[in-house]
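S.K.:
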Amino acid sequence: MIDENLTAFLQHLLFDEQKSHTFWRKVGSQMVYLTQERIEQGVDLYGHAFVPSVRSGQTLRDTGQLFYSLNYQLVPDGVAWGTKVAYAPYLHYGATIKARNNGFLRFKTAYGWVSKKEVILPPRPFLGLGEQEKESVAKILTELLRG
1 MIDENLTAFL
11 QHLLFDEQKS
21 HTFWRKVGSQ
31 MVYLTQERIE
41 QGVDLYGHAF
51 VPSVRSGQTL
61 RDTGQLFYSL
71 NYQLVPDGVA
81 WGTKVAYAPY
91 LHYGATIKAR
101 NNGFLRFKTA
111 YGWVSKKEVI
121 LPPRPFLGLG
131 EQEKESVAKI
141 LTELLRG
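Just so we're aligned: 79 in the UniProt record's numbering is position 79 of the sequence shown, and the numbers increase by one with no gaps anywhere.
1. Can you look up Phe-126 in the DSSP assignment and give me helix, strand or coil?
2. Tell me which residues share the same chain as Val-119 and place their Cβ nearer than 7 angstroms to its Cβ, disregarding the 5 neighbours each side in the sequence.
3. Look up Phe-104 in the DSSP assignment and say whether it is helix, strand or coil.
4. Alpha carbon to alpha carbon, how far is Ile-140 from Lys-26?
5. Suppose you measure from the CA of Asp-44 to the CA of Gly-130; what does that come to, to the nearest Å?
6. Assuming contact is defined by CB atoms lying nearer than 8 angstroms, are Ile-82 and Thr-59 in contact in what I supplied?
7. Could you tell me which of Arg-124, Phe-107, Leu-70 sits nearest to Trp-48, measuring between CA atoms?
8. How would you label Glu-133, buried or exposed, when you count the other beta carbons within 10 angstroms and need 16 or more for buried?
9. Measuring alpha carbon to alpha carbon, tell me which of Phe-23, Arg-61, Pro-52 ends up nearest Tyr-36.
10. Rounded to whole angstroms, what is the Cα-Cα separation between Ser-20 and Gly-128?
11. Hey, Val-79 and Tyr-72 are a contact pair by Cβ (cut 8 angstroms); roughly how many whole angstroms apart?
As structure tokens, this is what we get:
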């Protein structure tokens, strides 16, 4: 969602319904694009490089499932974007994954197979409203108001 101040401002504008939907569709599309671009570049919402994955590969990109599942949806007061991939919150916020039944997690890394009782996933915030997104919303709004 766009922050509350911007939403309140937009609600006071005298958009017709078509312009409003056009605006929010453009914002949603741009937010998905910027999120995918950030994942491709391997940087988080704040521009910092993702902590590299211990198991090697492309962080947040190996299967493409997360990347290609990103979408947006118009909601009554704006637009929401994200993914329905079940593991997305663990990647975004970080998590500790523990083996079941006192067993071990076994996975392949760049250095061979590893067994561990638990794995700590560092947070890799990929979804949200950063400076680049705010600038894009302002640009879309300016273009729409200019006609």
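Just so it is clear, CB atoms sit at the ideal spot from N, CA and C, and this is done for glycine as well.
M.R.: Let's see:
1. As a position in the sequence shown, residue 126 is number 126, starting the count at 1. Under the three-state reduction of DSSP, Phe-126 is assigned to coil, being neither helix nor strand.
2. As a position in the sequence shown, residue 119 is number 119, starting the count at 1. Non-local C-beta neighbours of Val-119 in its own chain, meaning closer than 7 angstroms and more than five positions away in sequence, comprise Ile-97, Leu-105, ordered along the chain.
3. Residue 104 sits at position 104 when you count from the first residue of the sequence shown. DSSP places Phe-104 in coil when its eight states are reduced to three.
4. Residue 140 sits at position 140 when you count from the first residue of the sequence shown. Residue 26 sits at position 26 when you count from the first residue of the sequence shown. Distance between the alpha carbons of Ile-140 and Lys-26 is about 7 angstroms.
5. The residue labelled residue 44 in the question sits at position 44 within the sequence shown. The residue labelled residue 130 in the question sits at position 130 within the sequence shown. So the alpha carbons of these two residues sit roughly 10 angstroms apart.
6. Locating residue 82 in the sequence shown gives position 82, where the first residue counts as 1. Locating residue 59 in the sequence shown gives position 59, where the first residue counts as 1. The amino acid occupying residue 82 in the given sequence is Gly; Ile does not appear at that position. No, the pair does not count as a contact, with Cβ atoms beyond the cut-off.
7. Your numbering for residue 48 matches position 48 in the sequence shown. As written in the sequence, residue 48 is His, which differs from the Trp given in the question. Comparing Cα-Cα distances from His-48 to each of Arg-124, Phe-107, Leu-70, the minimum goes to Arg-124.
8. To locate residue 133, count along the sequence shown from 1; it is residue 133. Classification of Glu-133: buried, given that the 10 Å Cβ count is 16 or more.
9. The residue you call residue 36 lines up with position 36 of the sequence shown. Inspection of the sequence shows that residue 36 is occupied by Gln rather than by Tyr. For Gln-36, the nearest C-alpha among the options comes from Arg-61.
10. Counted from its first residue, the sequence shown places residue 20 at position 20. Counted from its first residue, the sequence shown places residue 128 at position 128. Counting only the Cα atoms, Gly-128 lies some 22 angstroms from Ser-20.
11. The residue labelled residue 79 in the question sits at position 79 within the sequence shown. The residue labelled residue 72 in the question sits at position 72 within the sequence shown. Val-79 to Tyr-72, Cβ: 5 angstroms. Contact.
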